[in-house]
Amino acid sequence: MDISKIITTLIAATSPLILQPAAAAVITCSAANVTVTYQQVENAAIACAALQQTMAQFETCGLPPLINPISINIVEALQAGYVGLYHLGKDKIEVLSPSAMLERWNADSAFSGVDITTFFKSAITHELSHAATDDIPCPFASCMARDEYIAYAMQVLSLDPDALSAFEETSHIDRLISTDELSPAIMFMAPNLFAQKVWAHFQQRDDGCAFIGQLVRGESIIDIAPF
Ligand SMILES: [Zn+2]
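Heads up: the sequence shown is residues 42 to 268, going by the working numbering.
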């Protein structure tokens, strides 16, 4: 039997979120012009489900919609220290497959209490957030703290209640977080702590999504001018 037919049938049986595959290992999600390159079809289905959920989240949380075609490549290897990457200006995401993520799983991760499939899905939300904010003007050379704030807030917001409880239990932050604590320096030196502080700060606003909107419009700035 033709292998491509088997894969097509498998995809059709697995997920209504996916249109017909353009080739054996590339499919287009039905929710938007997003292609997913994959090795295991179940991972492609999760990626398309993440896309659909993330687009709804963007709409309710002050983020621009995903307009440009985006490619999500589910890969088995990625440069050290990363589980996902967004290539600025190229509308291209690379994310490790769940099994490859497990191989570099770190007990110190802010997401260490979250199961790997849920984490994989949330990592796609994180990278899609970078795609959504790619064209937002920045008054400095880089607005990485802003962009990571938005990406982590969207990532944690995407978690189901059990996974969210696990994330919050790991973080142990029970005090008010000021905007000053969300600096680029903390983001670079302690990215897990930064993610935990982002979620605490987001939760402590009357309306966390309103703060996201302020970041997007440049009304709140958490990056700092270079000396
Ligand atoms: Zn990021």
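Beta carbons are placed, not taken as given, at the ideal position from N, Cα and C, and that holds for glycine. Bear in mind the structure is a predicted one, so any value in this text is a computation, not a measurement.
- Out of 104, 84 and 73, the CA that lies nearest to the CA of residue 251 is found in 104.
- Between residue 168 and residue 134, the C-beta spacing is below 8 Å.
- In the structure shown, the three-state DSSP call for residue 123 is coil.
- At a threshold of 7 Å, residue 192 counts as near ligand 1, since its beta carbon sits closer than that to one of the ligand's heavy atoms.
- Exclusion of residue 242 from the 7 Å shell around ligand 1 follows from its C-beta lying no nearer than that to any non-hydrogen atom of the ligand.
- The shortest CA-to-CA distance from residue 180 to any of 121, 124, 258 and 215 is the one to 258.
- For residue 189, the distance from the CB to the nearest heavy atom of ligand 1 is below 7 Å.
- For residue 128, the secondary structure class from DSSP, reduced to helix, strand or coil, is strand.
- Beyond the five residues adjoining it in sequence on each side, residue 102 comes within less than 6 Å, by CB distance, of 250 and 253 in the same chain, given in chain order.
- At a cut-off of 7 Å, the beta-carbon of residue 128 does not count as near ligand 1: no heavy atom of the ligand is closer than that.
- Shown here, residue 223 sits in a helix according to DSSP, grouped into three states.
- A distance below 6 Å between beta-carbons, with the five flanking residues on each side excluded, links residue 206 to no residue of its chain.
- Unbroken alpha helix (DSSP H) stretches of 4 residues or longer found wholly inside the region 201–245: 202–212, 225–230 and 232–245, given in chain order.
- CA-to-CA, the gap between residue 199 and residue 266 works out to about 31 Å.
- For residue 146, same chain residues with a beta-carbon under 6 Å away, outside a window of 5 residues either side, do not exist.
- Two segments are said to touch when three or more pairs of C-beta atoms, one from each, lie closer than 8 Å; by this definition the region 236–244 touches the region 209–219.
- Its chain contains 157 as the residues whose beta carbon lies nearer than 7 Å to that of residue 143, once the 5 sequence neighbours on both sides are disregarded; these appear in chain order.
- Annotation for residue 256: the continuous alpha helix (DSSP H) segment containing it runs 249–258.
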